[in-house]
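Take the sequence shown: its position 174, counting from 1, is numbered 173 in numbering that gives the first Met the number 0, and each next residue is one higher. One structure is given here, and the rest of the page talks about it.
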Amino acid sequence: MVNLGVVRRLGVSALGLPNGPHRVTVRRDLPVPAADGVTLLADHYAPEGVDRPPTILVRSPYGRRGPFGLMCGQTFASHGFQAVVQSVRGGFGSGGVFEPLDEREDGLATVEWLKRQPWFGGTFAMHGPSYLGYVQWAVAADAGPQLRALSMQVTASQFRDAINLGGGFALESTLMWVDLTARLRHPLSGLTAGFLSPRRARRAALSGRPLAELDTLATGAPQQFYQDLLVHGPDSPFWKRRDHSPTVSRVTAPVNMTGGWYDIFLPWQLKDYAALRAAGRRPYLTIGPWTHADQRLMRGSITEALDWFRAHLLDDPSGLREQPVRLYVTGADEWREYPEWPVPGMRARRWHLRPGAALSPDGPPQSPPDRYRYDPAHPTPFLGGPTLLGGADPVTDQRRLERRADVLTYTSPVLDDDLEIIGPVTADLFVRSDRAHTDFVVRLCDVAPDGTSLNLCEGMRRLVPGAPEPDGDGVRRVAVDLWPAGHRFRRGHSIRVQVCSGAYPRVARNPGTGEPIGTATRMLPAHQEVFHDPDHPSAIVLPELPG
Numbered sequence: 000m001v002n003l004g005v006v007r008r009l010g011v012s013a014l015g016l017p018n019g020p021h022r023v024t025v026r027r028d029l030p031v032p033a034a035d036g037v038t039l040l041a042d043h044y045a046p047e048g049v050d051r052p053p054t055i056l057v058r059s060p061y062g063r064r065g066p067f068g069l070m071c072g073q074t075f076a077s078h079g080f081q082a083v084v085q086s087v088r089g090g091f092g093s094g095g096v097f098e099p100l101d102e103r104e105d106g107l108a109t110v111e112w113l114k115r116q117p118w119f120g121g122t123f124a125m126h127g128p129s130y131l132g133y134v135q136w137a138v139a140a141d142a143g144p145q146l147r148a149l150s151m152q153v154t155a156s157q158f159r160d161a162i163n164l165g166g167g168f169a170l171e172s173t174l175m176w177v178d179l180t181a182r183l184r185h186p187l188s189g190l191t192a193g194f195l196s197p198r199r200a201r202r203a204a205l206s207g208r209p210l211a212e213l214d215t216l217a218t219g220a221p222q223q224f225y226q227d228l229l230v231h232g233p234d235s236p237f238w239k240r241r242d243h244s245p246t247v248s249r250v251t252a253p254v255n256m257t258g259g260w261y262d263i264f265l266p267w268q269l270k271d272y273a274a275l276r277a278a279g280r281r282p283y284l285t286i287g288p289w290t291h292a293d294q295r296l297m298r299g300s301i302t303e304a305l306d307w308f309r310a311h312l313l314d315d316p317s318g319l320r321e322q323p324v325r326l327y328v329t330g331a332d333e334w335r336e337y338p339e340w341p342v343p344g345m346r347a348r349r350w351h352l353r354p355g356a357a358l359s360p361d362g363p364p365q366s367p368p369d370r371y372r373y374d375p376a377h378p379t380p381f382l383g384g385p386t387l388l389g390g391a392d393p394v395t396d397q398r399r400l401e402r403r404a405d406v407l408t409y410t411s412p413v414l415d416d417d418l419e420i421i422g423p424v425t426a427d428l429f430v431r432s433d434r435a436h437t438d439f440v441v442r443l444c445d446v447a448p449d450g451t452s453l454n455l456c457e458g459m460r461r462l463v464p465g466a467p468e469p470d471g472d473g474v475r476r477v478a479v480d481l482w483p484a485g486h487r488f489r490r491g492h493s494i495r496v497q498v499c500s501g502a503y504p505r506v507a508r509n510p511g512t513g514e515p516i517g518t519a520t521r522m523l524p525a526h527q528e529v530f531h532d533p534d535h536p537s538a539i540v541l542p543e544l545p546g
C-alpha cells in the first residue's frame with residue numbers, strides 16, 4: 000500500500016523545499032461557510048504529536064492540492080505548524096462563482112471559521128504569493144489579534160495600478176491571467192495552463208482584433224472580469240471594494256514581503272512597504288533578480304516564511320537577519336542589507352536629455368526638440384521587462400528596438416568609475432504631440448563596451464486632454480514613474496535612456512482617438528516632440544549612492 004506521507008515528503012523534496020521532522024496528517028475538503036451560505040472547501044494539515052500549534056492560512060484560486068498543497072500545507076506542517084489551504088470561491092470544489100479580487104468577505108468568514116475550530120491554538124499567520132498575497136491584505140486589518148504574522152511575495156494591496164499601467168492597459172499580463180484562471184476551473188486543462196497561457200495571450204494580443212474580442216480569442220469564451228476591466232477605468236467605483244491600500248496602515252501583524260526587480264507588482268508592493276513604515280511598523284523586505292513566477296523566489300520564500308513564523312508565532316527570532324531590507328544589486332551581482340527602503344545615503348540626480356542623442360548631469364543647451372512618428376497600426380514593441388508568467392528573458396539586448404525610427408535614445412559618455420543606483424527611478428519629460436490622446440514610454444538601459452544595451456527598468460504614462468495641461472506652446476510636462484532599480488553601472492559602461500510611445504503587447508496600443516479602449520478600431524498616427532533646452536530640461540532622475 001502506498002504511504003501517502005512518504006509521497007508528500009518526496010514531493011516537497013522534488014520542489015527543492017526543506018522537509019521538517021514531523022509526520023503530517025491531512026484532512027481533506029473541510030467545509031467553510033461563507034457569509035452568503037456558499038460552502039468553501041479547505042484541506043487541513045497537522046503535525047503529529049504537537050498539541051494545537053499555530054496555524055498558517057493560505058487562500059488560493061489555483062487549487063489546494065499539487066504544488067500549492069505541498070509548498071503551503073505539507074512543508075509548513077512538517078515543521079511543526081498547522082496549515083489550512085483553501086480554494087477560493089468558484090474553483091476546485093468551492094461553491095459560488097469566482098469573482099476575481101473580491102475576497103474580503105470570504106476571507107473574513109474563513110478567519111472566523113478558523114477561530115472556532117477545536118484544533119485552533121489561538122494564533123495564526125497567512126502566507127502566499129501574488130493573488131495569495133492579495134487576499135492577505137483583504138483581511139489583515141480586521142482579522143483580530145490572533146493574526147500574528149503575514150508572509151507575502153510578488154503582490155500588493157491593490158492590483159488596479161498594475162492593470163491600468165500608467166493610465167494604459169496592461170494587455171498581455173491581463174490576458175495571461177484571465178486565460179490561466181479560466182482554464183484552472185477545469186483541473187485537466189490546468190495542468191498545462193501555466194505553459195500555454197502566455198502563448199495564447201500573446202497570439203490573441205498580436206491578432207490586431209479589438210481588445211473586447213481578445214478574451215474569447217484566447218480562452219474560447221467571453222470572460223466577465225476581462226470585460227469589466229475594459230469598461231471600468233482606474234477611477235471607477237468598480238475598484239473601491241478591490242483596493243485594500245487604505246487599510247495597510249492599520250495592519251499591526253508583522254509583515255515579511257518579497258519582490259522581484261522584474262515583477263509586475265513591485266512599484267505597488269513598495270508603496271505598501273512605505274505605508275507600513277509611515278505607520279511606525281518595521282516590515283522585512285527582500286528584492287531579488289526575479290520575475291513574478293520565478294521558482295527561485297518561490298523556493299526561497301518558503302525558507303524565509305518558516306523563519307518569520309518561528310519568530311512571530313513561536314518566539315524564536317534566531318533565524319531572522321539583522322537588517323530588515325535585503326536587496327540584490329544587479330551589475331554588481333551581490334546581495335546587500337540595509338535598515339530601510341529607500342536606502343540611506345541615496346540622492347536623486349537628474350541626468351538630462353541633450354541634443355545629439357546625449358545624456359549628462361549637465362543642463363541642456365538651447366536646442367530644437369527631437370521628433371518621431373508613432374503609428375499605432377505598427378506599434379513600437381517591447382523587449383524584456385516585467386512579466387507575469389515569463390516566456391522571455393526579462394533582460395534583453397535592446398539594439399534591435401533602438402534602431403527603430405520611432406524610438407529615441409540618449410546615451411551618456413563612457414563612465415570613468417562605477418555608478419550605483421538603488422531606489423525609485425523617475426523621468427521628467429517636456430513633450431508635445433499633435434494628439435491629445437497619446438502615450439510616452441521611458442526605459443533605462445546599461446550599455447556595455449561591446450554596444451550591448453540591456454534594459455534595467457521602464458515606465459509609461461498615458462496622456463489625455465488636460466492631463467497634463469499643455470502650456471501656451473502646447474508643451475506638456477510629463478512625470479513618468481519607472482520601476483525601481485538596484486544596479487551598478489560598471490566603469491567603461493554607459494547609461495542610456497529610451498523614449499518612445501509604445502510597449503506592445505505588454506501595454507495596449509493607444510489608438511490616438513480617445514475612443515473606448517475595448518472597441519476602438521481607428522488608428523491615428525502621432526507626431527511626437529521631446530524637448531531638451533534650458534526652459535524644458537527633460538531628464539531621468541536616478542537614485543545614486545555615493546562612492
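For each residue, glycine too, the CB sits at the ideal point set by N, CA and C.
Closest in C-alpha terms to residue 510, from the list 437, 8 and 220, comes 437. Between the alpha carbons of residue 267 and residue 161 lies a gap of roughly 8 Å.
A straight line joining the alpha-carbon of residue 475 with that of residue 469 spans about 4 Å.
Contact annotation, residue 11 with residue 54: C-beta distance approximately 19 Å; criterion of less than 8 Å not satisfied. Going by DSSP, residue 74 is part of the alpha helix (DSSP H) stretching over 74-77.
In this model, residue 138 and residue 103 are separated by some 6 Å (Cα to Cα).
Excluding its 5 nearest sequence neighbours in each direction, residue 291 has C-beta neighbours in its own chain below 6 Å: 153, 262, 263 and 387, listed in chain order. The three-state secondary structure of residue 519, taken from DSSP, is coil.
Within the DSSP bridge table, the entry for residue 371 names 527 as partners. Going by DSSP, residue 429 is part of the beta strand (DSSP E) stretching over 425-432. The region 136-193 is shown to contain whole beta strand (DSSP E) runs of 3 or more residues at 146-152, in chain order.
Taking a 10 Å sphere around the C-beta of residue 235, we find fewer than 16 other C-beta atoms and assign the residue as exposed. When the five nearest sequence neighbours on each side are left out, the beta carbons in the same chain lying within less than 6 Å of the beta carbon of residue 426 are those of 441, 479 and 539, in order along the chain.
The alpha-carbon separation between residue 286 and residue 326 amounts to approximately 5 Å. The Cβ atoms of residue 424 and residue 542 lie closer than 8 Å to each other. Annotated as proximal: residue 379 and residue 502, with beta-carbon spacing under 8 Å. For the pair residue 374 and residue 524, the CB atoms are nearer than the 8 Å cut-off. Going by beta carbons, residue 167 and residue 57 fall outside the 8 Å limit. Looking at the DSSP output, residue 510 bridges to nothing.
Between residue 247 and residue 274, the CB-CB gap stays under 8 Å.
The Cβ-Cβ distance between residue 101 and residue 208 does not fall below 8 Å. Collapsing the DSSP output to three states places residue 43 in a strand. The beta carbons of residue 368 and residue 493 sit no closer together than 8 Å. Judged by DSSP in its simplified three-state form, residue 452 adopts strand. Looking at the backbone, the Cα of residue 402 and that of residue 214 are separated by about 33 Å. The bridge partners DSSP lists for residue 344 come to none. For the 8 Å CB-CB criterion, residue 512 and residue 211 do not form a contact. With 16 or more other Cβ atoms from the protein chains shown falling within 10 Å of its own Cβ, residue 218 counts as buried. In this chain, residue 14 is not harboured by any beta strand (DSSP E), its DSSP state being neither H nor E. Of the candidates 521, 428 and 485, the residue whose Cα lies closest to the Cα of residue 499 is 428.
In this structure, the alpha-carbon of residue 159 lies about 40 Å from that of residue 6.
Around the CB of residue 508, 16 or more other CB atoms lie within 10 Å, so the residue is classed as buried. Fewer than three beta-carbon pairs drawn from the region 62-77 and the region 111-121 are found closer than 8 Å, and the two stretches are therefore not classed as touching. Judged by DSSP secondary structure, residue 100 falls outside any alpha helix (DSSP H); it is assigned neither H nor E.
Close CB contacts of residue 456 within its chain, under the 6 Å cut and outside five residues either way in sequence, are with 424, 443, 481, 482 and 484 (chain order).
Taking the Cα positions, residue 25 is about 41 Å away from residue 163.
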